[in-house]
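Below is one structure, written out as structure tokens; the observations come after it.
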Amino acid sequence: MNTQQLDELNRVLEKIREIAEKSAGGDYIYRGEPNCYPKVSSTLYREYEEEIEAESLEIDVVQEEILEEARKYTREAASDLEILTELQHHGGKTNLIDFTADYLIALFFASDGSPDKDGRIILLKKESDSYQVEKPPKTINRVESQKSIFVQNSRGFVAPDDEVIIPKDFKRPMLNYLRKHHDISTETIYNDLHGFIRIQDIHHQAYEALYRGLSAVDKGDFDKAIKDFTTAIELKPDFFGAYNNRGNAYFQKRDFDTAIQNYDTAIEIQPDYADAYNNRGNAYGGKRDFDTAIQNYDTAIEIKPDYADAYCNRGVAYAEKRDFDKAIQNYDTAIEIKPDYADAYHNRGNAYLEKHDFDTAIQNYDTAIEIKPDYADAYHGRGVAYAEKRDFDTAIQDLTTAIEIKPDDYKVYYLRGRTHRDKGDVDLALRDFNTAIKLNPDADDVYLDRGLIYSKKHDFESAIKDYSEAIRLNPEFAGAYHNRGFGYLLLEDLEAAIKDFDMVIELDPTWVGAYHGRGMAYFMIGEFKHAINNYSKAIKLKPDNAESYWNRGEAWMPMSEWDKAKEDFTAARNLGVDLVAFFHRMYEDVEDFESKYNVQIPKDLAELLTRQKVMEDTPLPQSRYELPILMALEELGGSAATHEVLRRVRQLMVDELREIDISRRSGRQVYMENRAHAMRSKLVRKGLMKDDSPHGIWEITDAGREYLRNNQGD
1 MNTQQLDELN RVLEKIREIA EKSAGGDYIY RGEPNCYPKV SSTLYREYEE EIEAESLEID
61 VVQEEILEEA RKYTREAASD LEILTELQHH GGKTNLIDFT ADYLIALFFA SDGSPDKDGR
121 IILLKKESDS YQVEKPPKTI NRVESQKSIF VQNSRGFVAP DDEVIIPKDF KRPMLNYLRK
181 HHDISTETIY NDLHGFIRIQ DIHHQAYEAL YRGLSAVDKG DFDKAIKDFT TAIELKPDFF
241 GAYNNRGNAY FQKRDFDTAI QNYDTAIEIQ PDYADAYNNR GNAYGGKRDF DTAIQNYDTA
301 IEIKPDYADA YCNRGVAYAE KRDFDKAIQN YDTAIEIKPD YADAYHNRGN AYLEKHDFDT
361 AIQNYDTAIE IKPDYADAYH GRGVAYAEKR DFDTAIQDLT TAIEIKPDDY KVYYLRGRTH
421 RDKGDVDLAL RDFNTAIKLN PDADDVYLDR GLIYSKKHDF ESAIKDYSEA IRLNPEFAGA
481 YHNRGFGYLL LEDLEAAIKD FDMVIELDPT WVGAYHGRGM AYFMIGEFKH AINNYSKAIK
541 LKPDNAESYW NRGEAWMPMS EWDKAKEDFT AARNLGVDLV AFFHRMYEDV EDFESKYNVQ
601 IPKDLAELLT RQKVMEDTPL PQSRYELPIL MALEELGGSA ATHEVLRRVR QLMVDELREI
661 DISRRSGRQV YMENRAHAMR SKLVRKGLMK DDSPHGIWEI TDAGREYLRN NQGD
């Protein structure tokens, strides 16, 4: 409890003590009024006050006439008091003045309503010759809950024996205190349908403001909604529903802290308010505080065990914590409670997607779409799942449907662009990335991917511009620094490249590519020791990083560290590097290297890098590639890009490949690549590989898997 709350509590208790002290001298009943009215009067008096004061009407005569008419509508014999009680209950005009035996209940009535005016507690002695005090029959719940006592006299009003003023700024703290410590609230005082109608009558302006706010929310005008909910709260300070809805409006504006403050107040007023706990959980989720979010969902579910939304939201929080099994358990429960809950199916699909169970993910997206055919996010998710299965055409169909339903969602254009890129349609990818950026100019990840497209098209200047924009939008975007570093490397702006790789390593000291790239930059400027140190760090982080072994071997040579160079080149070859291809990528021949670095390469190392000494004249036969290709595909998940398959085949066959198999002949392919492609065509004809795979993708069939199982041990 903070200082302000403690001060409010002390003021409330002081006011209660004042009433108790005034009550000590006699047997009192109490009436709470939200305004300090001129007279303590009955509704019948207030209806005909001018005529009664002018003595043209007698209030007893009017009430007797009302009773006569009312008896025509009563089916059973009832006393005058029973009829008057019923009329009073339903809002009819009578000469009864409501009092209560409990001054705490009177305090509620004095504080509930007219927030801009002082209220008061009327103290009236039970016994007097000037009025009658009658206890109503126990036939109406609300009468009992309010501990009602009726006072009436022939004048229609009574003079208080004493009164206690309730200042307007006491009203909200008083209502909070009564709710929290005495279970006295709108719900307990007005505990039937007629009571609800009475609440709306008393607080009609507050409810009108609430309804206006809800209408504004439906129209997406959250600023207007907040104004309306604020008006409702000003008119009814304990209006927890208005606090909750104002919190929702702030949530939609992504002002999560202010939203939480509103949910806090709603919960303070109504501690068992499940919706407020659920919504507060959402707000903490927006702040990425998923543990606190889960605590709130737990409480919401404890209050309301069949709360499907809270289970679904708790699932989302667990998914954000990467605990997908718990997320799925929560989605399961939400679906059990609410079988047509499209969001839960969609979210469960997302969880299975993260677990790489793409088929189960697709099944969940299918159900979500069946329930809600225009569910753009479900098409979006299903498109991603199909893309992960490398079924790019179906993925693009789903992502296109998502765009048709929700054309302003930049993320779907972005993902469709990535799918086009993975399919090999670079120009279509670029078009989608352009649209995504037009829809959201602040999407740093889209600039990164568009930069990659420009790099593929060898437009490195445009690529660097996009990486720079991504960095401007997100100064801690390590991936953008990394890619820009390689862009500068290709343009030979080596100092700029090193600065970018430095930044990547500062942001993420485990980023292998940054050490590798920085090593390349240092090598290009002739700082070979720095280059070696960086390649060594890359190898330490990723011991199977073949290119880092190659590059470190290359960096040892200008320093005449021939044994270390040979050791690294051998490691690179064992990991699948084509040493000859790598060497000739940078140098025309051995003499070219020697003249650049003023060294003389030992003969055995020169032969290793150029294969000038042919140990065997005959390449391996095509048939020897059959099982390694199928094995490589199976290890790579059933499908992979051509270069990935060939690299793995080379690793699998490293002990049997001959020098002639991996030497590049003038103007022709390497034997190994040529024969592997020929074997693929044969495997397609035999039905062991698919013939309709996307361009650049090799895929094994079920028959191929069976063939591999039957022949792998041969």
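Under this note's numbering, the residues of the sequence shown are numbered 1 to 714, in order. Virtual Cβ for every residue (Gly too), placed ideally from N, Cα, C. The structure presented is a predicted model; accordingly, all values stated were derived computationally and were not measured.
- Ranked by Cα distance from Thr-85, the options Tyr-549, Val-151 and Asn-364 are led by Val-151.
- When His-181, Asn-674, Tyr-587 and Thr-610 are compared, the shortest CA-CA separation from Pro-621 is found for Asn-674.
- The C-beta separation of Arg-611 from Glu-659 comes to about 5 Å, placing the pair in contact by the 8 Å criterion.
- Three or more Cβ pairs closer than 8 Å define a contact, and the stretch 31-50 meets that threshold against the stretch 93-103.
- In this structure, Tyr-277 is the residue among Gln-5, Tyr-277 and Asn-574 with its C-alpha nearest to the C-alpha of Gly-247.
- At the C-beta level, Ala-344 and Ala-334 come within 8 Å of one another.
- Within the model, the alpha-carbon separation for Glu-134 versus Leu-175 is close to 28 Å.
- In this structure, Gly-213 keeps its C-beta atom at 8 Å or more from the C-beta atom of Phe-109.
- Look at Tyr-28 here: in three-state DSSP terms it is strand.
- Going by beta carbons, Lys-117 and Pro-38 fall outside the 8 Å limit.
- Sequence-distant Cβ neighbours of Ile-105 in its own chain, meaning closer than 8 Å and more than five residues away, are Tyr-30, Gly-32, Gln-146, Lys-147, Ile-184 and Ile-189.
- Looking at the backbone, the Cα of Tyr-625 and that of Asp-508 are separated by about 41 Å.
- Ile-362 has its alpha-carbon roughly 21 Å from the corresponding atom of Gly-417.
- Following the DSSP letters along the chain, one finds Phe-239 in no alpha helix (DSSP H), marked with neither H nor E.
- Cβ neighbours of Ala-555 within its own chain (closer than 6 Å, five residues either side excluded): Phe-523, Phe-528, Ala-531 and Ile-532.
- Following the DSSP letters along the chain, one finds Arg-120 inside the beta strand (DSSP E) bounded by residues 119-125.
- Non-local beta-carbon contacts of Val-654 in its own chain, meaning distances under 8 Å to residues more than five positions away in sequence, involve Arg-573, Asn-574 and Gly-576 in chain order.
- Distance from the CA atom of Phe-170 to the CA atom of Asn-296, rounded to whole angstroms, is 30 Å.
- Each residue's CA atom was taken as its position, placing Asp-161 and Arg-46 some 21 Å apart.
- For Gln-152, the pairing in a beta bridge is given by DSSP as Gln-132.
- Counted as a single uninterrupted DSSP element, the alpha helix (DSSP H) harbouring Trp-562 occupies residues 562-574.
- If you look at Thr-100, you'll find it in the beta strand (DSSP E) that goes 97-100.
- Bounds of the beta strand (DSSP E) holding Glu-163 are 162-166.
- A direct Cα-Cα distance of roughly 23 Å separates Asn-10 from Phe-240.
- Ranking Tyr-211, Ala-206 and Leu-415 by CA distance to the CA of Ile-233 puts Ala-206 first.
- Under the rule that a run must span 4 or more residues, the alpha helix (DSSP H) segments found entirely inside the stretch 292-352 read 308-320 and 324-337.
- In the DSSP annotation of this structure, the continuous segment of the alpha helix (DSSP H) that includes Trp-550 starts and ends at 546-556.
- About 11 Å separates the beta carbons of Ala-327 and Leu-353, which is beyond the 8 Å limit, so they are not a contact pair.
- Residue range 639-641 is occupied by the beta strand (DSSP E) that includes Ser-639.
- Cβ-Cβ distances below 8 Å link Ile-464 to Gly-451, Arg-484, Gly-487, Tyr-488 and Leu-491 in the same chain, with the five nearest sequence neighbours on each side left out; the list follows chain order.
- With at least 16 other beta carbons inside 10 angstroms of its own, Val-217 counts as buried.
- Where Glu-699 is concerned, the enclosing beta strand (DSSP E) starts and stops at 697-699.
- Take the alpha-carbon of Tyr-375 and the one of Thr-367: they are about 11 Å apart.
- The residues Leu-67, in chain order, have a CB closer than 8 Å to that of Asp-80 in the same chain once the five nearest residues on each side in sequence are set aside.
- When the five nearest sequence neighbours on each side are left out, the beta carbons in the same chain lying within less than 8 Å of the beta carbon of Lys-180 are those of Glu-268 and Pro-271, in order along the chain.
- Sequence-distant Cβ neighbours of Ser-560 in its own chain, meaning closer than 7 Å and more than five residues away, are Val-599.
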